[in-house]
Amino acid sequence: MKHNYQAPRGTVDIYGDELACWQQVEDVFRQFMHLYDYSEMRTPIFEDTGVFKRENDSSDMVNKEMYTFTVNNKDSLTLRPEGTAGVIRSYVQHKLFALGEGHNKFWYFGPMFRYERPQKGRQRQFYQFGVENLCEKSPYVDAEVIAMGYSILKALGLNHIKVLLNTLGDAASREAYRTTLREYFKPYLDQMCGDCQRRYEQNVLRLLDCKIDHDQPFMNDVPSIRDVLSEESRAYFESVCATLDALDIPYEIDDRLVRGLDYYTDTVFEVISTDEASGAQSTVFGGGRYDNLVDYFGGPQQSGIGFAMGMERLMILANAEGVFEDMQSPLDCYIMTLGNTQQMGVVLATQLRAAGYRVEMNFGKRSMKSQFKSVERFNASTVLIVGEDEIANNTVTLKRVKDQLQVSIPMDQLVETMDEWLMDTEEHHHE
Ligand code: ATP
Ligand code: MG
C-alpha cells in the first residue's frame with residue numbers, strides 16, 4: 069500500500085538551490101557574529117510552557133499561537149514560538165551572568181512555531197536568526213545592536229529597508245502612558261474589536277498594534293508616550309537616536325510601535341521593507357530592550373536587548389533584489405567510467421577529494437555521450453576518463469574543459485596535474 073503525505077500546512081521543505089541560498093545567508097550571519105563577538109547558543113526546540121507563557125502576558129503569540137502539549141500526563145511543554153525566552157532561561161540556569169564579559173552576547177538560528185494563518189511570509193514553522201546582548205544597559209549598546217541588524221541586511225544586498233524606532237520608557241513612564249491611553253481610548257471602546265476591548269483592561273498598549281483596528285479614525289490622534297516620558301527615559305532615547313545618527317543609520321520614530329511581546333522596556337524597533345515584494349508581511353526583524361526577563365527567570369536584576377529576524381521574509385526580499393543570481397557551484401572534476409572501471413573510478417575520486425577537489429563520478433552503465441551530458445550539467449572544470457585500456461597501462465586521460473586540452477598521464481600524476489591546472493585559478497573551488 070502506498071501512503072500519500074505532504075508537509076503539514078504552514079510548513080515547507082527547504083532543499084536544492086534554495087537551501088544553498090539559505091546557507092549563503094547563514095554564512096553572512098556567522099561572519100557578523102564573529103566580528104561583533106557574539107557566541108552561538110542552541111537551546112531546546114521545546115521548553116516548559118511557563119518559559120513562554122509568563123503571568124499576565126497579553127500577546128497573541130502567547131495566548132493564541134502556541135503549540136502546547138503534554139506527554140503521558142506530565143507537565144505542559146510548548147514548541148518555542150520565539151528564541152529570547154529560551155536563551156535567557158539558559159543564561160540564568162547556567163549562571164552565565166556570573167561570568168560576565170565574554171559570556172553575555174548570544175546568537176541563535178533555528179525553527180520557531182506559531183499557530184497562525186499561513187500566507188506569504190507567514191508560516192507555522194519558520195526560522196529566526198536572533199541575538200541577545202546582556203552587557204550593560206546603555207543607549208550605545210541599543211544603537212549598536214540596531215545598526216548591526218541593519219548592516220547585516222545591507223551586507224546581504226537589501227536596499228529598500230528602513231528602521232522604525234520607539235521607546236516604551238521605564239516602568240513609571242509606561243504606567244503614566246497607560247493611564248493616558250485608557251483615558252484617550254475610553255470613548256471609542258464600543259467601536260473596537262473584541263480583542264482590543266479585552267486588551268484595554270489587560271494591556272492597553274497592545275491597542276496600538278492591533279491589526280484589525282489599525283485604520284480606525286481614532287487611531288490617528290493617539291497621544292505619544294514622549295509626552296509622558298520621565299527625564300531619564302527621554303535622555304536615554306535621545307542618546308539612542310543620536311548614536312544612530314552618528315552611525316549613519318536612517319530611522320523613523322514611530323509612536324505606534326509597541327511590538328508584539330509584553331516584556332519590552334525602553335527601546336523598541338522594527339526594520340521593515342519598503343519593497344512591494346514583501347507583500348503584507350513587511351517586517352524583517354524586530355526587537356527591543358527587556359529589563360525584567362533575567363530577573364523573571366531567577367537571575368539578577370539585569371537588562372538585555374535583542375532582535376529576531378524572520379529568515380523566510382528575508383529570503384523573499386533577497387530574491388526580489390536579485391541577491392542570489394550566481395548560485396551554480398561547479399565541480400572541479402567529473403570522472404567518466406567506461407566499461408568495467410568503476411572500482412578504479414571510486415579510488416581516483418577518493419584521491420582527488422583527499423587533495424581538496426570537488427568530484428562527481430559515473431556509477432551507471434552509460435554511454436560516453438550520456439556521460440558528457442553530466443559533465444555539462446555539473447559544469448565541471450575537468451573530465452577524467454577512466455577506460456579499461458587506460459587501467460591496463462596504468463594511465464588516465466584528463467581533459468580541461470575550457471580549452472579542450474587533453475593529456476594522457478600516469479595514474480600517480482593525477483593530483484599533480486590537477487594542481488597544475490586548477491591551483492590558484494578561479495576554477496579551483498576548494499578553499
Ligand atoms: P508579525 O506582526 O508580522 O506577526 P511579530 O511581531 O509576531 O510579527 P516577532 O515576534 O517580533 O514578530 O518575530 C520577529 C520576526 O520573525 C518578524 O519580524 C518576522 O520576520 C518573523 N516572523 C514572525 N512570525 C512569523 C511567521 N509566522 N512566519 C514567518 N516569519 C515570522
Ligand atoms: Mg505575530
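In terms of the numbering used here, the sequence shown opens at residue 69 and continues consecutively. By construction, the Cβ of each residue, glycine as well, lies at the ideal position given by its N, Cα and C atoms. In this text the structure is predicted, and so the values were computed from the model without any measurement.
- Counting C-beta pairs closer than 8 Å gives fewer than three between the stretch 384-393 and the stretch 429-436, which falls short of the contact rule.
- The beta carbons of Ser107 and Lys163 sit no closer together than 8 Å.
- Going by C-alpha positions, Glu150 is about 27 Å away from Asn227.
- By the criterion of at least three beta-carbon pairs nearer than 8 Å, the stretch 399-415 is not in contact with the stretch 246-262.
- If the five residues before and after Ile321 are omitted, its C-beta is found closer than 6 Å to the C-beta atoms of Leu233, all from its own chain and listed in chain order.
- Counting the other Cβ atoms within 10 Å of the Cβ of Ser438 gives fewer than 16, which makes it exposed.
- In this structure, the CA atom of Leu482 is about 56 Å from the CA atom of Asp210.
- Remark: the shortest separation between the CB of Met377 and any heavy atom of the ligand ATP falls under 7 Å.
- Look at the stretch 345-369 and you find these whole runs of alpha helix (DSSP H), each 4 residues long or longer: 361-364.
- Distances from the CA of Leu452 to each of Asp471, Gln193 and Met479 were compared; the closest alpha carbon is that of Met479.
- Per DSSP, the unbroken alpha helix (DSSP H) holding Met101 starts and ends at Gly84 to Leu103.
- Below 8 Å, too few C-beta pairs join the stretch 81-98 and the stretch 138-156 to call them touching: fewer than three.
- The closest CA to that of Leu273, considering only Met134, Asp330, Gly84 and Pro186, is found on Asp330.
- In the structure shown, Tyr135 falls within a coil segment according to DSSP collapsed to helix, strand and coil.
- The criterion of a C-beta distance shorter than 8 Å is not satisfied by Tyr332 and Gly367.
- No heavy atom of the ligand MG is found nearer than 7 Å to the CB of Gly217.
- Nearest to Ala348 by alpha-carbon distance, out of Arg190, Phe365 and His102, is Arg190.
- Residue pairing for Ser107: DSSP places it in a beta bridge opposite Phe174.
- Summarising the contact set, residues whose Cβ lies nearer than 6 Å to any heavy atom of the ligand MG are, in chain order, Met129 and Gly328.
- With respect to Asn288, Ser126 sits apart: the two C-beta atoms are not nearer than 8 Å.
- Pairing Tyr358 with Gly372 gives a Cβ-Cβ distance under 8 Å.
- Look at Asp487 here: in three-state DSSP terms it is helix.
- Per DSSP, Lys230 is one residue of the beta strand (DSSP E) stretching across Ile229 to Thr235.
- Out of His71, Ala215, Met101 and Thr117, the CA that lies nearest to the CA of Tyr319 is found in Ala215.
- Listed in chain order, the non-local C-beta contacts of Cys278 below 6 Å within the same chain comprise Cys264, local neighbours out to five positions each way being set aside.
- Within 10 angstroms of the beta-carbon of Pro207 lie 16 or more other beta-carbons, which makes it buried.
- In terms of side-chain proximity, the C-beta atom of Phe353 is found nearer than 7 Å to a non-hydrogen atom of the ligand ATP.
- Taking 7 Å as the cut-off, the C-beta of Glu380 counts as close to a heavy atom of the ligand ATP.
- Around Arg242, the same chain offers Leu236 as residues with beta carbons nearer than 7 Å, after the five sequence neighbours per side are excluded.
- In terms of side-chain proximity, the C-beta atom of Phe197 is found no nearer than 7 Å to any non-hydrogen atom of the ligand ATP.
- About 40 Å separates the beta carbon of Tyr402 from that of Ser346, a gap too long to meet the 8 Å contact definition.
- Taking the CA atoms as reference points, His282 sits about 15 Å from Ser350.
- Under the three-state reduction of DSSP, Ala211 is assigned to helix.
- Arg190 has its Cβ nearer than 7 Å to a heavy atom of the ligand ATP.
- The Cβ neighbour count for Arg192, taken over all protein chains shown within 10 Å, is at least 16; the residue is labelled buried.
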